[in-house]
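K.L.:
I'd like to ask you about the structure that follows.
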Amino acid sequence: MATLTMTSTEVDPLDTISTSTPTTLPSPTLTPPLPRPSDVKLNMVIHQNPFSITLDAWAMLAGSVLLVVGMHFMQTSMLKAIIVAVPVVLLMRNDYLNFLLLGPGGTPPTFVGYLRLLWFRMFALRDVYHSPPAAEPNIAPSRGILRGSSNKELPYRPGPRPLVAGLAPQRQLDQQASTVCYGKLRAAVEALTRAHPETLCTATSCIEKHGFGLFARHPVNVWGQGEIFHIHDSEKSMHMSLHPDDIKEVLEKGWGQRHPLAFKGWVKAPLPTTFVMIYAPRDESDLAIIARIVEAAIWYTMAEKVELDISQAEQELL
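So in full-length UniProt numbering, spot 142 of the sequence shown is number 142, and the numbers just go up one at a time.
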């Protein structure tokens, strides 16, 4: 197993502001040519360390002596503050190290970036599995496409949901993607941009500053310079914006979850309420469903129906 190493990022894309005004955006810098299956990056193992304190005999003795001395020579209020502060500092240290272990993402891997996440964590969504956002008045497009007269409902995702950690970055800790499925998905997206060069293009995500992303040249719902979705290099989960109707379908069937920072309240959220995580495709069956969800993300961003043809991508990779 490999361990994900953290690299720095200089720009915080959480400063991006969501708007619903139709806009024509400049094309992002295109990504390099599509890699062959043998060149596809392997999934990286991301882990989070549980908070624990281990004391040997000497540490216990030293702690006991300091506690007794403090009881005799320190004010009671100060001693209580120290007793409470020690585990709090150790807990914050462990939480900060876990933030770094998530790897590069939308928030700079610095203590200042971590403190900013602590602030937003107070307002983060508590239920990311069962509470789809309400549709805004006069939202365009007016409905989703994952469930309706012309489309079958999504099937339920087999098995339990994967473990997910972090806010920004947010990463999937287990049930990682098949690298073959990732190659097919990327090949299908590349083929789609070649079929629609006037409306779609690929580039490195401007939200994460890392990872492969799909962009709309003329988005209806503009956020992140028209970014439709991006794939995380580490474990191949995805972030995207969907219509509230489609978010409800995704949540009910277990294919993803809302982003905790996609909240709505008196504090301005760094992400739009329609922002969701979609779990990494484990096999061909998952990939077929995720292709439909990507089509829904394209529909919500640019109000245009397209077909993401995975079978065509398979032929190109042969």
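Even for Gly, the Cβ is constructed at its ideal location relative to N, Cα and C.
This structure is a prediction, so every number in the text was calculated from the model and none was measured.
Tell me whether A216 sits in a helix, a strand or coil according to DSSP, three-state version.
P.N.:
The residue given as residue 216 occupies position 216 in the sequence shown. Three-state DSSP puts A216 in a strand.
K.L.:
Please classify H72: does DSSP put it in a helix, a strand, or coil?
P.N.:
As a working mapping, residue 72 is identified with position 72 in the sequence shown. Residue state, collapsed to three classes: helix.
K.L.:
Do you know how far the Cα of L185 is from the Cα of I83?
P.N.:
For the purposes of this step, residue 83 is taken as the residue at position 83 of the sequence shown. For the purposes of this step, residue 185 is taken as the residue at position 185 of the sequence shown. The straight-line gap from Cα to Cα measures roughly 53 Å.
K.L.:
Let's see if you can read the secondary structure: which residues bound the beta strand (DSSP E) around R258?
P.N.:
Within the sequence shown, numbered from 1, the residue matching residue 258 stands at position 258. G256 to R258 is the span of the beta strand (DSSP E), which, as asked, contains R258.
K.L.:
With burial defined as no fewer than 16 other Cβ atoms inside 10 Å of the residue's Cβ, what is the status of I53: buried or exposed?
P.N.:
Translated into positions along the sequence shown, residue 53 becomes position 53. Exposed is the call here.
K.L.:
Measuring straight from C-alpha to C-alpha, what distance separates L173 and A280?
P.N.:
The sequence position of residue 173 within the sequence shown is 173, counting from 1. The sequence position of residue 280 within the sequence shown is 280, counting from 1. Rounded to the nearest angstrom, the two C-alpha atoms are 10 Å apart.
K.L.:
E190 lies in the alpha helix (DSSP H); which residues open and close that run?
P.N.:
Translated into the one-based positions of the sequence shown, residue 190 becomes position 190. Residues T179 to A195.
K.L.:
Pick helix, strand or coil for R292, following the three-state DSSP scheme.
P.N.:
Sequence index remark: in the sequence shown, residue 292 carries index 292 (1-based). Residue state, collapsed to three classes: helix.
K.L.:
DSSP on E227, reduced to helix/strand/coil?
P.N.:
Looking up residue 227 in the sequence shown gives position 227. Strand.
K.L.:
Once the 5 residues before and after L271 are set aside, which same chain residues still bring their CB inside 6 Å of it?
P.N.:
Within the sequence shown, the letter at position 271 stands for residue 271. Hits under 6 Å: H259, L261 and A262.
K.L.:
DSSP beta-bridge partners for M238?
P.N.:
Within the sequence shown, the letter at position 238 stands for residue 238. According to DSSP, M238 bridges with I231 and I278.
K.L.:
What's the gap between the Cα of S38 and the Cα of T273?
P.N.:
Taking the first residue of the sequence shown as position 1, residue 38 is located at position 38. Taking the first residue of the sequence shown as position 1, residue 273 is located at position 273. The predicted model places S38 with a pLDDT of 43, which falls under 50 and marks its position as unreliable; any figure quoted below should be read in that light. Each residue's alpha carbon lies about 38 Å from the other.
K.L.:
Whole angstroms is fine: what's the gap from A296's alpha carbon to G166's?
P.N.:
Reading the sequence shown from its first residue, position 296 is the one you call residue 296. Reading the sequence shown from its first residue, position 166 is the one you call residue 166. For A296 and G166, the distance between alpha carbons rounds to 25 Å.
K.L.:
Buried or exposed for R157, please, with buried defined as at least 16 other CB atoms from any protein chain shown within 10 angstroms of its CB.
P.N.:
Counting from one through the sequence shown, the residue named residue 157 turns up at place 157. It is buried - the Cβ of R157 has at least 16 other Cβ atoms within 10 Å.
K.L.:
Which of the three DSSP states, helix, strand or coil, is assigned to R171?
P.N.:
Your numbering for residue 171 matches position 171 in the sequence shown. Three-state DSSP puts R171 in a strand.
K.L.:
Comparing alpha-carbon positions, which option in Q75, S205 and A59 lies nearest P169?
P.N.:
What you label residue 169 is simply residue 169 of the sequence shown in a count that begins at 1. The residue with the shortest Cα to Cα distance from P169 is S205.
K.L.:
Around the C-beta of V88, are 16 or more other C-beta atoms found within 10 angstroms, so that it is buried, or is it exposed?
P.N.:
Position 88 of the sequence shown, counting from 1, holds the residue named residue 88. Exposed, by the Cβ-count rule.
K.L.:
Decide yes or no for the touch test of the segment 128-148 against the segment 238-248: beta carbon pairs closer than 8 Å, at least 3 of them.
P.N.:
With the cut-off at 8 Å, the segment 128-148 and the segment 238-248 touch.
K.L.:
Three-state secondary structure (DSSP) at L200?
P.N.:
To locate residue 200, count along the sequence shown from 1; it is residue 200. Three-state DSSP puts L200 in a strand.
K.L.:
Can you tell me whether V222 is buried or exposed, with buried defined as 16 or more other CB within 10 angstroms of its CB?
P.N.:
In the sequence shown, the residue the question calls residue 222 occupies position 222. Classification for V222: buried.
K.L.:
From the DSSP output, read off the bridge partner residues of A165.
P.N.:
Indexing the sequence shown from 1 puts residue 165 at position 165. DSSP lists R171 as partners of A165.
K.L.:
By DSSP, does V128 sit in helix, in strand, or in coil?
P.N.:
Counting from one through the sequence shown, the residue named residue 128 turns up at place 128. V128 falls in the coil class under three-state DSSP.
K.L.:
Please look up how many angstroms separate the CB atoms of H239 and M277, rounded, as I've assumed it's under 8 Å.
P.N.:
Residue 239 sits at position 239 when you count from the first residue of the sequence shown. Residue 277 sits at position 277 when you count from the first residue of the sequence shown. Right, the Cβ-Cβ distance comes to about 6 Å (below 8 Å), so this counts as a contact.
K.L.:
Is there at least one non-hydrogen atom of the ligand SAM closer than 7 Å to the beta-carbon of M74?
P.N.:
With respect to the ligand SAM, the structure shown offers nothing to examine, as it has no ligands at all.
K.L.:
Any idea if W299 is buried or exposed, counting beta-carbon neighbours within 10 angstroms, 16 or more meaning buried?
P.N.:
Within the sequence shown, numbered from 1, the residue matching residue 299 stands at position 299. The residue is buried, with at least 16 neighbouring Cβ atoms inside 10 Å.
K.L.:
With 8 Å as the threshold, decide whether the Cβ of N94 is near any Cβ in chain D.
P.N.:
Structure shown: chain D not included; a single protein chain is present.
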